[in-house]
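Here it is in structure tokens:
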């Protein structure tokens, strides 16, 4: 039963992700991105990471994408106007795409050809919030703090940029 | 195999019972609201259909069901069609984890609180999609306000719950109720309860936070262009969300199903109804906030209080 659901959700995620970049109506893109996050959350649930799944929906689908739609309202793109697809980055995008594709192919090839190795012992047992928190604040404290500093820097950057607009 | 089948049947029956009960409660909440506000304003409220208007919700339902379903010619048809569904479904699936009694819930999740928060944060898409797809100025303004309001108030709806969760030491709704077997959390966490009350009112777009559908400025806000059953979906979603926040208040602050003599389900129902009565009372009493007042209150008053409450709770727990 589990492989069936995995492929269902994975296919859903990939198809909606493709629709995000191929639809030309910006609101449709945003809504398909919400759908993509949802399918990813479903895969988290299959991996027994309920906490991550809930946070994925709460933060990405619930908060960040609402902010996106808010911005779409603010810039007010008339419905009839379709967004431009390329911004003179076609060649660069193509090169990066090929590179990324090769990387994925290499990983998939490695996974298929390698003898089935015993799965690495999970750092966190189950989707338990408590063990997740303990792991985050002990073993992964340093990366956690680095991420906090990065987010703080981004936040200050956003405020500085916004303030420049107000002062002018 | 038969045991699996039996389990599935049990779960399906539970879902049917909860779904039916919620749908009935939601239908009669519209009646309760009109009746209570009527009496508060020295009117009778609905009186014509049935004894003291008791069949009014059924008449309303039939009326909405038989009304013409209009889709504006300039609307985005798919998004317009999906919006009411997207707002109704999260409102109903949130009931999956609510413990109505010690042994009566559809499913038991160890992250129950997060599940409800995550699911209810999706309801705003219904409103955003409705406003955007209608292609109408009033509807767009309604959605615009709603988006801003929801993501401001959602943050400290979550923050206000951290206090009680710290005391309970769990995100599991059943364990949270068990932790309140001696003293309800409203006693330990009165500030958190007030914050939750304000945030919940804003989340459900109720007066004094009903800016997304302010009828005096925006016709009907985000659902201006909707009619018939699609309109009814939005209406049901709003009332179902009210019951959800009532249930959350009951579980997190008021001891859930616990209470003397009467069975747990009755206690749970009474607590939820008391909370909803408070909502209706507020609607009959308070004027609507202005937009900048709403934002000021959210970020500069409520948010610092919520943070202070968490710090204070943490200190007390550490010292004890």
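Residue numbers (this note's numbering), protein chains in the order written: chain A, 3 to 170; chain B, 31 to 350. Cβ atoms here follow ideal geometry from the backbone N, Cα and C, with glycine treated the same way. As the structure is a prediction and not an experimental result, all values here were calculated from the model.
(request) Express the C-alpha separation of residue 5 of chain A and residue 340 of chain B in angstroms, rounding to a whole number. (result) Residue mapping note: residue 340 of chain B aligns to position 310 of the second chain, counting from 1. Residue mapping note: residue 5 of chain A aligns to position 3 of the first chain, counting from 1. Distance between the alpha carbons of residue 340 of chain B and residue 5 of chain A: 42 Å.
(request) Give me the Cα-Cα distance between residue 76 of chain A and residue 167 of chain B, rounded to the nearest whole angstrom. (result) The residue you call residue 76 of chain A lines up with position 74 of the first chain. The residue you call residue 167 of chain B lines up with position 137 of the second chain. Distance between the alpha carbons of residue 76 of chain A and residue 167 of chain B is about 13 Å.
(request) Would you mind working out which of B:54, B:67, B:119 sits nearest residue 91 of chain B, comparing C-alpha positions? (result) Sequence index remark: in the second chain, residue 91 of chain B carries index 61 (1-based). It is B:54 whose Cα lies nearest to the Cα of residue 91 of chain B.
(request) Run the CB neighbour count on residue 193 of chain B, radius 10 Å, all protein chains shown included, and call it buried at 16 or more, exposed below. (result) The residue labelled residue 193 of chain B in the question sits at position 163 within the second chain. Result: buried.
(request) Would you verify that the beta carbon of residue 64 of chain A is, or is not, closer than 8 Å to some beta carbon of chain B? (result) Counted from its first residue, the first chain places residue 64 of chain A at position 62. Chain B contact via Cβ: present.
(message) Can you list, in chain order, the residues of its chain with a C-beta nearer than 8 Å to that of residue 141 of chain B? Leave out the 5 residues immediately preceding and following it.
(response) The sequence position of residue 141 of chain B within the second chain is 111, counting from 1. Within the same chain, residue 141 of chain B has close Cβ partners 201, 202.
(message) Give me the chain B residues within the contact set of residue 52 of chain A, using Cβ-Cβ distance strictly less than 9 Å, ordered along the chain.
(response) Counting from 1 along the first chain, the entry for residue 52 of chain A is found at position 50. Residues of chain B with a Cβ closer than 9 Å to the Cβ of residue 52 of chain A are, in chain order, 139, 140, 141, 144, 145.
(request) Please name the residue in B:263, B:239, B:288, B:301 whose C-alpha comes closest to that of residue 325 of chain B. (result) One-based indexing of the second chain puts residue 325 of chain B at position 295. The candidate whose alpha carbon is nearest that of residue 325 of chain B is B:239.
(message) Do residue 134 of chain B and residue 275 of chain B have their beta-carbon atoms positioned less than 8 Å apart in this structure?
(response) Residue numbering aside, residue 275 of chain B sits at position 245 when the second chain is read from its first letter. Residue numbering aside, residue 134 of chain B sits at position 104 when the second chain is read from its first letter. Contact flag unset, no.
(request) Compute the Euclidean distance between the alpha carbons of residue 330 of chain B and residue 338 of chain B, then round it to the nearest angstrom. (result) Taking the first residue of the second chain as position 1, residue 330 of chain B is located at position 300. Taking the first residue of the second chain as position 1, residue 338 of chain B is located at position 308. Using only the alpha carbons, I get a separation of about 13 Å.
(message) For a test of the three-state rule: what should DSSP assign to residue 101 of chain A, helix, strand or coil?
(response) The sequence position of residue 101 of chain A within the first chain is 99, counting from 1. In the structure shown, residue 101 of chain A sits in a helix (DSSP, three-state: H, G or I).
(request) Check residue 134 of chain B in the structure and name its three-state DSSP category. (result) Here residue 134 of chain B is taken as the residue at index 104 of the second chain, counted from 1. Three-state result, residue 134 of chain B: strand.
(request) Starting from the C-beta of residue 113 of chain B, find all residues in its chain whose C-beta is less than 7 Å away, skip the five residues before and the five after it, and write them out in chain order. (result) Position 83 of the second chain, counted from the first residue, corresponds to residue 113 of chain B. Within the same chain, residue 113 of chain B has close Cβ partners 156, 159, 160, 163.
(request) Could you confirm whether any beta carbon from chain A is found closer than 8 Å to the beta carbon of residue 158 of chain B? (result) Along the second chain, read from residue 1 onward, the residue named residue 158 of chain B stands at position 128. Yes - at least one Cβ of chain A is within 8 Å of the one on residue 158 of chain B.
(message) With a threshold of 8 Å between beta-carbons, can residue 151 of chain B be considered close to chain A, or not?
(response) Taking the first residue of the second chain as position 1, residue 151 of chain B is located at position 121. Yes, residue 151 of chain B counts as interfacial toward chain A.
(request) Find the nearest neighbour of residue 236 of chain B within the set B:186, B:210, B:267, B:221, judged by alpha-carbon distance. (result) For this step, residue 236 of chain B is matched to residue 206 along the second chain. Check the Cα spacing between residue 236 of chain B and each of B:186, B:210, B:267, B:221: the tightest is with B:267.
(message) Quick check on residue 331 of chain B - is its C-beta less than 8 Å from some C-beta in chain A?
(response) One-based indexing of the second chain puts residue 331 of chain B at position 301. No, because no Cβ of chain A sits closer than 8 Å to the Cβ of residue 331 of chain B.
(request) Out of B:85, B:65, B:174, state which residue places its alpha-carbon closest to the alpha-carbon of residue 72 of chain A. (result) Locating residue 72 of chain A in the first chain gives position 70, counting from the first residue. Selected option, being the one with the closest Cα: B:174.
(message) So that I know if they touch, is there some Cβ in chain A lying closer than 8 Å to that of residue 154 of chain B?
(response) Counted from its first residue, the second chain places residue 154 of chain B at position 124. Residue 154 of chain B counts as touching chain A.
(message) With a threshold of 8 Å, are at least 3 pairs of Cβ atoms found where one atom belongs to the region 41-50 of chain A and the other to the region 15-28 of chain A?
(response) yes
(message) Using 8 Å for Cβ pairs, my map puts residue 28 of chain A next to residue 66 of chain A. What's the rounded Cβ distance?
(response) Taking the first chain and counting its residues from 1, one reaches residue 28 of chain A at position 26. Taking the first chain and counting its residues from 1, one reaches residue 66 of chain A at position 64. Going by Cβ atoms, the distance from residue 28 of chain A to residue 66 of chain A rounds to 16 Å, so no, they are not a contact pair.
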